[in-house]
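J.:
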Amino acid sequence: MTLTLTDVTLTYPDGDTRLTALDRVSLDVPAGTLTAVVGPSGSGKSSLLAVAATLVTPDQGRVVVAGTETAGLSRADQAALRRDRIGIVFQQPHLLPSLTAVEQLQVMAHLSHGSLRASRGRAMDLLDAVGLADRASRRPHQMSGGQRQRINIARALMNEPAVLLVDEPTSALDHVRGAAVLDLLLGLTRERSTATVMVTHDRAHLERVDGTVSMEDGRLSLPAPA
Ligand SMILES: Nc1ncnc2c1ncn2[C@@H]1O[C@H](COP(=O)(O)OP(=O)(O)OP(=O)(O)O)[C@@H](O)[C@H]1O
Ligand SMILES: [Mg+2]
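Residues 21 to 246, numbered by the numbering used here, are exactly what the sequence shown covers, in order.
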């Protein structure tokens with residue numbers, strides 16, 4: 021299962037004209053691989069993720085998520101696709117303050133199929149995968165920024181997504197912790213066969229990812245200049 025964008029153009033209203041955030045962007049991300057997206061601020065990186073996540077409908081082009089053509093779907097079907105097939109890691113974790121780490125993950129399962137009790141095993145397994153099994157009962161204010169980011173990543177994997185979209189996972193972290201988050205994402209991508217796209221400003225670790233693409237003024241080029 022893959023993520024495929026073909027000739028995607030996205031514009032936003034901008035005064036009397038329109039601003040082109042994505043200009044005929046094509047990208048193919050196979051299952052079990054991680055593609056990094058680099059580029060200057062405002063070049064369209066988050067817009068690319070928003071389109072891939074079906075949060076924004078492009079003006080033109082095709083977005084196919086795990087074999088499903090998204091263009092013809094109703095808003096409700098897009099929401100179901102997001103819930104069941106797409107894991108999204110926003111830059112800000114948006115954790116719920118009153119819930120413990122394990123409950124943050126269980127909420128995701130509850131949204132899609134019900135039983136909180138049945139989801140506990142999977143939530144604990146994922147907390148273990150991100151190295152936080154011993155923090156399962158902590159609430160967000162009792163954890164570090166890096167730990168909250170790892171909870172955020174684990175939560176995105178709770179419903180076994182085919183596609184994992186990650187915006188700037190390492191920007192708030194120092195170099196060593198940034199490398200650890202990238203290792204974690206690479207490992208999870210391989211183990212869980214997700215088609216992963218990761219936006220990053222940190223070029224230091226890019227030689228380890230499966231591919232790097234570069235955004236500039238809404239256009240995507242491959243590979244990124246070193
Ligand atoms: N909702 C919106 N309405 C209008 N313009 C927008 C909207 N969202 C983004 N833009 C514009 O689209 C362009 C691309 O924005 P985008 O957020 O994709 O950039 P980015 O590469 O993620 O930048 P950064 O590295 O700063 O996060 C920018 O010029 C931005 O101002
Ligand atoms: Mg952005």
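For each residue, glycine too, the CB sits at the ideal point set by N, CA and C.
Fully enclosed by the segment 35-87, which alpha helix (DSSP H) runs are 4 residues long or longer?
T.: Fully enclosed alpha helix (DSSP H) runs of 4 or longer: 65-72.
J.: Report the option in Val233, Ile106, Ala100 and Met235 whose CA atom is closest to the CA atom of Ala86.
T.: When each option's Cα is compared against that of Ala86, the closest is Ile106.
J.: Given Arg239, which residues of its chain have a CB within under 6 Å of its CB, disregarding the five upstream and five downstream residues?
T.: Taken in chain order, the residues that qualify are Asp43.
J.: Buried or exposed: where does Asp187 fall if 16 or more other Cβ atoms within 10 Å of its Cβ makes it buried?
T.: Asp187 is buried by the Cβ-count criterion.
J.: From Arg140 to Val127, what does the alpha carbon distance come to, in whole angstroms?
T.: When rounded, the distance between both Cα atoms is 10 Å.
J.: When you compare only the Cα positions, how much space is there between Gly198 and His221?
T.: One C-alpha to the other measures close to 11 Å.
J.: Taking the straight line between their C-alpha atoms, what separation do you get for Gln80 and Ser61?
T.: Gln80 and Ser61: Cα-Cα distance of roughly 23 Å.
J.: How far does the alpha helix (DSSP H) with Thr214 in it reach, from first residue to last?
T.: From DSSP, Thr214 is part of no alpha helix (DSSP H); its letter is neither H nor E.
J.: Taking Cβ positions, are Ala156 and Ala121 nearer each other than 7 Å?
T.: Their beta carbons are under 7 Å apart, which means Ala156 touches Ala121 by this criterion.
J.: In chain order, what are the residue ranges of uninterrupted beta strand (DSSP E) at least 3 long that sit wholly in the segment 168-208?
T.: If we require 3 residues or more, the beta strand (DSSP E) runs fully inside the segment 168-208 come out as 183-187.
J.: Between the C-alpha atoms of Leu208 and Gly35, what's the straight-line distance to the nearest angstrom?
T.: For Leu208 and Gly35, the distance between alpha carbons rounds to 43 Å.
J.: Per DSSP, what are the beta-bridge partners of Pro33 in this structure?
T.: Answer is Arg38, bridged to Pro33.
J.: Taking 7 Å as the limit between beta carbons, can you name the residues of its chain near Asp104, skipping five residues before and five after?
T.: Ser132 and Asn179, listed in sequence order.
J.: Under the rule that 16 or more other beta-carbon atoms within 10 Å means buried, what is Thr37, buried or exposed?
T.: It counts as exposed.
J.: In the structure shown, what three-state DSSP assignment does Arg239 receive?
T.: The answer is strand: DSSP assigns Arg239 an E or B state.
J.: State buried or exposed for Glu211, treating a residue as buried only when at least 16 other CB atoms are found within 10 Å of its CB.
T.: Burial call: exposed.
J.: Within a Cβ cutoff of 6 Å, which residues of the same chain sit near Leu69, ignoring the five residues on either side of it in sequence?
T.: Cβ neighbours of Leu69 beyond the five flanking positions: Leu185 and Asp187.
J.: Nearest CA to the CA of Leu152: which residue from Arg137, Ala138 and Arg175?
T.: For Leu152, the nearest C-alpha among the options comes from Arg175.
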